[in-house]
Amino acid sequence: MRHGGFLPTGVGHPRPVFFLFSSRLGCLGSLLVSALLTLLLLVAFDVL
C-alpha cells in the first residue's frame with residue numbers, strides 16, 4: 002500500500018548524509034564540513 006507517494010523507509014541516499022554527520026567527525030567536525038560545503042556551493046553558483 003502506498004501512502005501519498007512517500008518513499009518506503011530505507012530508500013534514498015543514506016551514505017552522503019552519513020558522511021556529513023558521521024560520529025567519527027563529532028558535532029564540531031560535522032558542522033565544519035557542512036559549512037565548507039555550503040560555502041563551496043555558494044561560490045560555485047556565484048552567490049558570493
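Heads up, the sequence shown is in the numbering used here, so the first residue is 2 and it goes up one at a time. Idealized CB from N, CA, C, for every residue including glycine.
query: Per-residue DSSP class, three states only, for V44; result: helix
query: Collapsed DSSP secondary structure at L38 in the structure displayed; result: helix
query: 9 Å Cβ cutoff met for L49 and L40; result: yes
query: Whole-angstrom C-beta distance between V34 and L26, which should lie under 8 Å; result: 6 Å
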